[in-house]
Each structure stands twice: as C-alpha cells, then as structure tokens.
Amino acid sequence: MAVLSTSGTAAANLLPAVLEARYGGVPLVVLTADRPHELREFGALQAVDQLRLFGPHAKWFADLPVPEADERALRYARSLAARAVAEAVAAPPGPVHLNVPLREPLVPVPAELPPVPEEVLWGRPEGRPYTSAFLSRPLPDPAAVRAVAEAVGRTERGVIVCGPLDLPGFPQAVASLARACGYPILAEPLAQLRCGSHDRSCVVQAHEPLLRVRQVAEWLRPEVVLRFGATPTSRTVQGFLARCADALQVVVRPAGPWQDPDHVVHTVVAADPEAFCAALVEQLAPRAGSPYLEAWCALGEAAQDALDRRVAQVAEPFEGRVFWELSDLLPDGCLLFVGNSMPVRDLDAFLRHSPKRIRVLGNRGASGIDGVVSSALGAAAVAAGPVVLVVGDISLYHDLNGLLAAKRFGLSALVVLLNNDGGGIFSFLPQAEWGEAFEEVFGTPHGLEFRPAVEMFGGQHRQVQDWAEFRAAVREGLGEGGLQVVEVRTDRARNVALHRAVWEAVEQAVERTAVVHGR
Numbered sequence: 000m001a002v003l004s005t006s007g008t009a010a011a012n013l014l015p016a017v018l019e020a021r022y023g024g025v026p027l028v029v030l031t032a033d034r035p036h037e038l039r040e041f042g043a044l045q046a047v048d049q050l051r052l053f054g055p056h057a058k059w060f061a062d063l064p065v066p067e068a069d070e071r072a073l074r075y076a077r078s079l080a081a082r083a084v085a086e087a088v089a090a091p092p093g094p095v096h097l098n099v100p101l102r103e104p105l106v107p108v109p110a111e112l113p114p115v116p117e118e119v120l121w122g123r124p125e126g127r128p129y130t131s132a133f134l135s136r137p138l139p140d141p142a143a144v145r146a147v148a149e150a151v152g153r154t155e156r157g158v159i160v161c162g163p164l165d166l167p168g169f170p171q172a173v174a175s176l177a178r179a180c181g182y183p184i185l186a187e188p189l190a191q192l193r194c195g196s197h198d199r200s201c202v203v204q205a206h207e208p209l210l211r212v213r214q215v216a217e218w219l220r221p222e223v224v225l226r227f228g229a230t231p232t233s234r235t236v237q238g239f240l241a242r243c244a245d246a247l248q249v250v251v252r253p254a255g256p257w258q259d260p261d262h263v264v265h266t267v268v269a270a271d272p273e274a275f276c277a278a279l280v281e282q283l284a285p286r287a288g289s290p291y292l293e294a295w296c297a298l299g300e301a302a303q304d305a306l307d308r309r310v311a312q313v314a315e316p317f318e319g320r321v322f323w324e325l326s327d328l329l330p331d332g333c334l335l336f337v338g339n340s341m342p343v344r345d346l347d348a349f350l351r352h353s354p355k356r357i358r359v360l361g362n363r364g365a366s367g368i369d370g371v372v373s374s375a376l377g378a379a380a381v382a383a384g385p386v387v388l389v390v391g392d393i394s395l396y397h398d399l400n401g402l403l404a405a406k407r408f409g410l411s412a413l414v415v416l417l418n419n420d421g422g423g424i425f426s427f428l429p430q431a432e433w434g435e436a437f438e439e440v441f442g443t444p445h446g447l448e449f450r451p452a453v454e455m456f457g458g459q460h461r462q463v464q465d466w467a468e469f470r471a472a473v474r475e476g477l478g479e480g481g482l483q484v485v486e487v488r489t490d491r492a493r494n495v496a497l498h499r500a501v502w503e504a505v506e507q508a509v510e511r512t513a514v515v516h517g518r
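Quick note, the sequence shown lines up with residues 0 to 518 if you use numbering that gives the first Met the number 0.
Written out as structure tokens, the structure is:
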C-alpha cells in the first residue's frame, strides 16, 4: 500500500497511519513531498524538517535528491522504489518513508532528454518489476518444534490462544494442530477462527464470558499455552494468561515485537504460524480423547446458551446485542470491519460462531480511533463481497471526512453506528462514579446529529428504535449498496447494567455445568 502527501503538516498528519502500520504489521510506503534542499532551514514557507519525520516508527527512510533527467538518476529512482517495497513487506512488515524534494515549477518542463534505455523510462517488458526481491517465510527451527512437541506430549492440559491474525491458511492449520494436541482453541474473531468452513470443533464458544467466571477459569488452568497472533484484545483473556505464569507459554510469531506484556512467556519461536502448526502436527502422536478439552467445550457451550437466552430478552437498544444480531444478518463472504474501544470488545464477547465465511478486520496495531472509517472504506475498495463497519460515535466523528471516499469512488459499505453520546468504554471504570467530573473528562458527551453529515457525503441514514427495525435496516442497507448508515442509540449507564446482567447469567450457568464435570 502507498500513500502520497504534500509537505509540512500534511505529512505530519500521516503519523497515526504510520503507527498503525508499524504495530499492525501492514506494509506501507509513505511518500512525502518536500521543499528542495536549498530552501530547508532558511525560512521558506511550508518548509519543516521532514527528515526521519516518523522517527523509529518507520522501518526504513530515504531522502531523495531533486529529480534529474539522466539515466543514472532514473535508474536510482526505480531501484529505490523496488527497495522501498521490499523493505515494507519484509518481516516484520511495516511502514517505510520516502521524502521527495521538488523544485518549482511543479509541472513537467519540456526538455530534450538524453538517450535513455526504454526499460529505464517505461520499466521492464510485460510489466516485470525492475528489481525482484524474493522474501522467504521464516521456517520453524526443528529443535524448537521437538521441544514444544515433547511438552505437548506430556500433558492434555493445554490451550491454544489466538489473537488478531489474518493469514488465509492459518485457520485450518491451527484446527489440525488442535485436533492432534487435543487442546481447546480460545480465539477472538480477529483471528479468523470463529467463522468459516474450517473445522471449528475445538474452538471454544463464548470463551471470553466464560473466563470472567474466575473460579472456573482457575479450575481450567492449563500447563501448556500455545499463543498465535497479536496480544488478545480482551483484558479478561490477558488476565487469564497472566495468572498462568507457571504454565509453559510458547509464542509463535514470524518477526516483530514479542507478544508478552505480562512477561510470562517461556519460549518465543520465530516462525511462520502455518508452517509451525504443520511441523508440530508431524511430531505429535495422536491423543485419544481429552476430558480437559471436553470440559472446555461443554462449559463454553453452557456459557453461549446462557448468553443467547439473556441477550434475546433485551428489548431495549444494547450494544452487545448488535453483534449477536449481526451473527445471523451478515451474509456469506462478508467483510466485517470493527472499530476500537467498546465495539471490538463486544465483538469478542457477543459474535457467535458460524460456518459462514466472514472475514473480520480492525486497526489493532496501535488500537487507536483515528482513521477507522478510512480503513474500512479502503477495505471496501478491494473487497469481493459486502463490507460492514461497526463503529462508535467518537470514532466516527474523528474520521468523518473519511466518508468522502465512499462518495468520490462509488464505494459500498454499511456502517452500523453505536451512538452512546460519548466514551462508553469508560463507564465500566470506577471513575464513572465521579458525576460531572467524569462526564467532562471521560464521558465527553457531544450531542451530535449524524444524519446531516451522512447525507452531505451522499449516504443514507436510518435510526432504529427496536430490533425488528435494526434487522430490516441492515438487510435493506446491504441490498441497496452505496453508503448506508444504521444508527443505534444507547444509554451508557444502561449499557453497563445490561453487560453485567449477561455476565451474571453466564456465571450461573457455567457454575452449574462445572459441577457436572467434576469441579
């Protein structure tokens, strides 16, 4: 992916995108226009220091010379472009920055070009790259695979934890590993394991609400933890992993920062996750049945059944029920993009398992609210199927101008807007008891009406009052195409109370089921 900007503050505005690419492992080539070298540091207008503007967050940086029409300069430009792409996609993928100084006039100048080979001017024949870079996937070290296989072979009390990860072959690879180990999989939707045609028999339902039942979570403590993907979104899951410090925890990651915020990991394996799963399966002897796996699955099923019954009873607008409803409403082949803060957490807790092919994406690198709309519409530009964005009100107005892409490029996307008039996630914190001080600093109500803004960008806005209207609006929005916004207004205090009511129902059901399984 490439992004081009003018100089000065325009370039500085790209920092959130660079951060997301850096921490999300997204290959990104940033090209910033700049003033020529002789105008830097001499008071020229719109001339700021753009050298290494993004600091350590850019994997690689180059400050180009001003353009010249000779063969050596043109070869340099083509070689530099090839290297920039290679640096961006090399493990770990991330952003690179090319700073491009230009002299006025900023238009082509008629001139007689010196003799230059055709390949330098127009590229190699048949569109072949000027310079090809072959970047191999990191294969697992055989000694590491043997060590992990020995540990897995010693105990049936193991779990596989999957955080955000988007690799096409990974769901089936890790499902095969889970069957071979006899281990349950705890996977958030961004790991692409909740939905799809792959084997989901070892993927525990409602694992996030289940782990909120502390006594049962302690009873299920594993001796081995195999971890894939980024750090889990749920603090409940993170807390569970932190309390399992005495377990052998293995992180498998091709490259990049270690996923160990609680400092409990015993082994880090730098390897392609799919290749590691396949190599480990070859080392394992088949495990005949696992009461531990059966207990996890039974408790997850009990948690899901209790959650379903309690959520179905909620007639008023409830943010958790939005994802519960979308589990049925999203069509096969849909791309679901989820905003940060509360939406991504409710996605984890309430999106049900499904055989439908639903790809789930989100900006979980830096996990910020900047650019969520733009990212979702970028996905819509290349998606083969329908695109649904679920986003909070503050995230939407922070990137409201991102809606212009839908109008300008004729993109189709259904936006489900969860509007609680402020920062709903903070209502779950103890600070919510601070009254007016909380509202001013954390709640930050805005009182905005989004309909005029949506219509300004050529979209259609529907505000729903009940779940029948919500289901109808989603179906209509998906069928009509273009920019469609379905707004669900909720009350922050009631939202907290309803979440707690669901967790209480899950706890009671899980406790009863745990007794049956010998807790």
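We put the CB at the ideal spot given by N, CA and C, even for glycine.
For residue i, the nearest candidate out of the options (CA to CA)
| i | options | result |
| --- | --- | --- |
| Val193 | Gly162, Asp465, Trp218 | With the sequence shown as reference, residue 193 is identified as Arg, and Val is not the correct amino acid for it. Here the closest residue by C-alpha is Gly162. |
| Arg220 | Gln282, Trp295, Trp257 | Trp295 |
| Val84 | Arg74, Leu97, Ala72, Leu73 | Leu97 |
| Glu273 | Arg71, Val144, Gln49 | Val144 |
| Trp218 | Glu475, Leu112, Tyr291, Ser326 | Tyr291 |
| Pro139 | Trp323, Val250, Gln459 | Val250 |
| Pro256 | Ala269, Leu247, His265 | Ala269 |
| Trp59 | Pro92, Ala76, Pro66 | Pro92 |
| Asp398 | Leu416, Ser373, Ala380, Ala383 | Ser373 |
| Pro107 | Leu410, Glu67, Ile424 | Glu67 |
| Ile424 | Ser394, Arg474, Arg39 | Ser394 |
| Gln282 | Val147, Ala205, Gln258, Lys406 | Val147 |
| Val236 | Ala254, Pro253, Val203 | Val203 |
| Leu209 | Val28, Ala76, Leu27, Gln303 | Gln303 |
Host beta strand (DSSP E) of residue i (start-end)
| i | result |
| --- | --- |
| Pro107 | It is not in any beta strand (DSSP E) - Pro107 carries neither H nor E in the DSSP assignment. |
| Arg461 | 459-463 |
| Leu97 | 94-100 |
| Leu185 | 184-186 |
| Ala241 | Note, Ala241: premise wrong, no beta strand (DSSP E); alpha helix (DSSP H) at 234-242. |
| Val84 | Looking at the DSSP string, Val84 is not in any beta strand (DSSP E); the run it does join, the alpha helix (DSSP H), is 70-88. |
| Val268 | 266-269 |
Exposure label - residue i; buried when at least 16 CB within 10 Å
| i | result |
| --- | --- |
| Ala226 | Residue 226 is actually Arg in this sequence, not Ala. Buried, since its Cβ has 16 or more Cβ neighbours within 10 Å. |
| Ala241 | exposed |
| Gly361 | buried |
| Met455 | exposed |
| Ala177 | buried |
| Asn400 | exposed |
| Ala382 | buried |
| Glu324 | buried |
| Asp519 | As displayed, the chain neither begins before 0 nor continues past 518, which places residue 519 out of reach and without an answer. |
| Trp121 | exposed |
| Asp465 | exposed |
| Gly319 | buried |
| Gly435 | According to the sequence displayed, residue 435 carries Glu and not Gly. Label assigned to Glu435: exposed. |
| Asp69 | exposed |
Which residues DSSP lists as bridging residue i, in chain order
| i | result |
| --- | --- |
| Ala1 | Val28 |
| Gln248 | Val224 |
| Asp33 | Pro100 |
| Leu194 | Per the sequence shown, residue 194 should be read as Cys rather than Leu. In DSSP, Cys194 forms a bridge with Ser353. |
| Val505 | Answer is none; Val505 lacks a bridge partner. |
| Ala412 | Leu482 |
| Val495 | Paired residue(s): none; Val495 is not in a bridge. |
| Val202 | Ile184 |
Unbroken alpha helix (DSSP H) run spanning residue i, endpoints
| i | result |
| --- | --- |
| Pro59 | It should be pointed out that residue 59 corresponds to Trp in this sequence rather than to Pro. Run containing Trp59: none in the alpha helix (DSSP H); it sits in the beta strand (DSSP E), 59-62. |
| Glu293 | 290-311 |
| Glu486 | Where Glu486 is concerned, there is no enclosing alpha helix (DSSP H), although the beta strand (DSSP E) it sits in stretches over 482-488. |
| Leu18 | 14-23 |
| Gly478 | 466-479 |
| Val280 | 272-282 |
| Thr407 | Per the sequence shown, residue 407 should be read as Arg rather than Thr. Taken as a continuous stretch (DSSP letters only), the alpha helix (DSSP H) holding Arg407 covers 403-408. |
| Trp218 | 213-218 |
| Thr8 | 8-11 |
For this session: Give, in chain order, every unbroken run of the alpha helix (DSSP H) that is at least 4 residues long and sits entirely within the segment 322-396.
Result: 341-349, 371-381
Exercise. Where are the beta strand (DSSP E) runs, 3 residues long or more, that stay fully inside the segment 112-180, in chain order?
Worked result: 157-161
Exercise. Whole alpha helix (DSSP H) runs in the segment 414-463 with 4 or more residues, listed along the chain?
Worked result: 450-455
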